[in-house]
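Numbering-wise (this note's numbering), the sequence shown opens with residue 1080 and increments by one. We treat Cβ as the ideally placed atom computed from N, Cα and C, and that holds for glycine. Right, one structure below, let's go through it.
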Amino acid sequence: MADTNATTSVPSERAADGTPRAEAPSRPGSSPGGASTGAAAAPVRAARVALVGDRSPNVTSHRRVPVLLEALAARDGLVLDAYWIPTEDAAAEPGAVRGFDAVWALPGSPYRSEAGALAAIRTAREEGIPFLGTCGGFQHTLLEYARHVCGLPDVAHAENDPGAEDLLIAPLACSLVGHEGVVALAPGSLAEAVLGSGRTVERYHCSYGPGDPAHLETLRRHGLRFSGTDEEGQARVVELPGHPFFLATLFQPELSGDEGRPHPFVRALARAAVERAATRVAAA
């Protein structure tokens, strides 16, 4: 669900081919304007990241992306060359995210193209591209897996198809818009390893989530791991064992705490992207 309360505009820098590009991070050791700070520059490792979603100045998480990119570069030496891929573009161009070092399916649903969001997620899943899905990205991760792995082609998302009979993603009994809650992480899971703890408090901005428990059990039987739950036992984090990095959350880690300290899940995606980029360059 999109957050439509804020009005600050999002930078509109584009790549040479016209692809919307996230604001470029400054290199470590430089000020945002490019002047040297006098500090020794850390090694710069860059990776290309596809930001899948329909970019809007009214979505808080979207406005935070450039700040998070800057922090990853300044604090961790993880420089991400990030490009926005609108869902309609992902639908029109098969394999639109192929060749990127990571895919981040961002909040802001309903997406303009459900098919485009699913196509991007599927490419990341099938081709071993590091993937993070947040809020709407989490919802569509479940939808993609159910349709293409579990053989449930008719399951639907209530926000996209409210009249559907077989809802995998349904309206929540209580909206989580503006809500903050405890999430428990399964021992031995990727989520727990990344966070370094079995418990976290996270922020939400959504009114839709996993519905039919029978469908969730089908997803489990086909390999998905629900590794994070709220205090009522409802699924809030999912991951795919055997994939290099595949994690999705119903909460929005983009909204976590201090903008200058990216959430561990965001930092882990960046590290996975940089590692993939290094492998790609070494093999070239």
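query = Roughly how many angstroms lie between the CA atoms of L1348 and P1241, to the nearest whole one?
reply = For the purposes of this step, residue 1348 is identified with residue 269 of the sequence shown, where counting begins at 1. For the purposes of this step, residue 1241 is identified with residue 162 of the sequence shown, where counting begins at 1. L1348 and P1241: Cα-Cα distance of roughly 33 Å.
inquiry  = Using the Cβ count rule (16 or more neighbours within 10 Å means buried), how would you classify F1233?
reply    = Looking up residue 1233 in the sequence shown gives position 154. Before going further, note that residue 1233 is Asp rather than Phe in the sequence given. When all chains shown are included, D1233 counts as exposed.
ask   = Apart from the five residues just before and just after A1356, which ones in its own chain have a Cβ nearer than 6 Å to its Cβ?
value = Start at 1 with the first residue of the sequence shown, and residue 1356 comes out as number 277. Answer for A1356: A1126, D1180, listed in chain order.
ask   = Among P1136, L1247, Y1190, L1159, which residue has its Cα nearest to the Cα of A1351?
value = For the purposes of this step, residue 1351 is taken as the residue at position 272 of the sequence shown. Nearest C-alpha to A1351: L1159.
key: Residue-level contact to chain B via CB, A1175, 8 Å cutoff   = Absent from the structure is chain B; it holds one protein chain and no more.
Status (buried if at least 16 other CB within 10 Å, exposed otherwise) for E1311 = The sequence position of residue 1311 within the sequence shown is 232, counting from 1. So E1311 counts as exposed.
message = Going by C-alpha to C-alpha distance, which of A1152, F1325, A1196 sits closest to S1306?
response = Working through the sequence shown from its first residue, we reach residue 1306 at position 227. Of the candidates A1152, F1325, A1196, the one whose C-alpha sits nearest the C-alpha of S1306 is F1325.
query = With a cut-off of 8 Å, do at least 3 Cβ pairs link the segment 1325–1344 to the segment 1190–1197?
reply = no
ask   = Anyone know if the C-beta pair for G1132 and L1211 falls short of 8 Å?
value = In the sequence shown, residue 1132 corresponds to position 53, counting from 1. In the sequence shown, residue 1211 corresponds to position 132, counting from 1. Not a contact, by the Cβ cut-off of 8 Å.
ask   = Residues in its own chain within less than 6 Å of V1317 by CB, not counting five upstream and five downstream?
value = By 1-based counting over the sequence shown, the position of residue 1317 is 238. For V1317, where only same-chain residues beyond five positions count, the Cβ hits under 6 Å are L1303, F1305, A1327.
ask   = Under the rule that 16 or more other beta-carbon atoms within 10 Å means buried, what is A1114, buried or exposed?
value = Here residue 1114 refers to the residue found at position 35 of the sequence shown. Residue placement at A1114 is flagged as unreliable, the pLDDT there being 32, under the threshold of 50; the coordinate-derived value follows with that caveat. Exposed.
inquiry  = With DSSP as the reference, identify every bridge partner of R1278, one or two as the case may be.
reply    = Taking the sequence shown and counting its residues from 1, one reaches residue 1278 at position 199. Answer by DSSP bridge pairing, in chain order: A1263.
inquiry  = Can you look up F1344 in the DSSP assignment and give me helix, strand or coil?
reply    = Translated into the one-based positions of the sequence shown, residue 1344 becomes position 265. Here F1344 sits in helix by DSSP.
task = With a cut-off of 8 Å on the beta carbons, I'd call I1248 and T1220 a contact; round off their distance for me.
result = By one-based count along the sequence shown, residue 1248 stands at place 169. By one-based count along the sequence shown, residue 1220 stands at place 141. Contact doesn't hold; Cβ gap of about 10 Å is too wide.
task = May I ask which residues mark the beginning and end of the alpha helix (DSSP H) holding A1199?
result = Walking along the sequence shown from the start, residue 1199 turns up at place 120. That run of the alpha helix (DSSP H) goes 1193–1205.
query = Which residues bound the beta strand (DSSP E) around R1315?
reply = The residue labelled residue 1315 in the question sits at position 236 within the sequence shown. Here the beta strand (DSSP E) through R1315 covers 1314–1318.
ask   = Which first and last residues belong to the beta strand (DSSP E) in which Y1287 is found?
value = If you number the sequence shown from 1, residue 1287 lands on position 208. Run containing Y1287: 1287–1289, per the beta strand (DSSP E) assignment.
task = Please go through the same chain and pick out, in chain order, the residues whose beta-carbon is closer than 6 Å to the beta-carbon of L1365, but skip the five residues on each side of it.
result = Look at the range of the chain in this structure, 1080 to 1363, and you will see that residue 1365 is not part of it.
message = In whole angstroms, give me the CA-to-CA distance for P1145 and S1188.
response = Your numbering for residue 1145 matches position 66 in the sequence shown. Your numbering for residue 1188 matches position 109 in the sequence shown. Computed Cα separation, rounded: 20 Å.
key: Contacting residues, own chain, Cβ-Cβ under 8 Å from V1280 (five flanking each side not counted)   = To locate residue 1280, count along the sequence shown from 1; it is residue 201. Closer than 8 Å at Cβ, skipping near neighbours: E1259, G1260, V1261, V1262.
inquiry  = Measuring straight from C-alpha to C-alpha, what distance separates W1183 and H1301?
reply    = Position 104 of the sequence shown, counted from the first residue, corresponds to residue 1183. Position 222 of the sequence shown, counted from the first residue, corresponds to residue 1301. Rounded to whole angstroms, W1183 to H1301 spans 23 Å at the Cα level.
request  = Compare the Cα-Cα distances from F1360 to each of T1308, G1230, R1226, G1178 and report the closest residue.
outcome  = By 1-based counting over the sequence shown, the position of residue 1360 is 281. First, the amino acid is wrong: residue 1360 is Val here, not Phe. Residue G1178 is the option with its Cα nearest to V1360.
task = Using DSSP bridges, identify the partner residues of I1164.
result = Translated into the one-based positions of the sequence shown, residue 1164 becomes position 85. According to DSSP, which records beta bridges pairwise, I1164 is partnered with V1131.
ask   = Cα separation between T1202 and L1269?
value = Here the question's residue 1202 lines up with position 123 in the sequence shown. Here the question's residue 1269 lines up with position 190 in the sequence shown. T1202 and L1269: Cα-Cα distance of roughly 21 Å.
task = Mind listing, in chain order, the continuous alpha helix (DSSP H) runs of no fewer than 4 residues lying wholly within the segment 1202–1255?
result = 1215–1227
Sub-8 Å separation of W1163 and R1134 beta-carbons = As a position in the sequence shown, residue 1163 is number 84, starting the count at 1. As a position in the sequence shown, residue 1134 is number 55, starting the count at 1. Contact: yes.
ask   = So what's R1304 in DSSP terms, helix, strand or just coil?
value = The count along the sequence shown starts at 1 and reaches residue 1304 at position 225. Strand at R1304.
message = Just to confirm my understanding: we take V1273, look at its own chain, exclude 5 residues before and 5 after, and list those with CB closer than 7 Å. What are they?
response = Position 194 of the sequence shown, counted from the start, is the residue given in the question as residue 1273. Counting only Cβ-Cβ distances below 7 Å, and skipping sequence neighbours, we find P1343, F1344, A1347.
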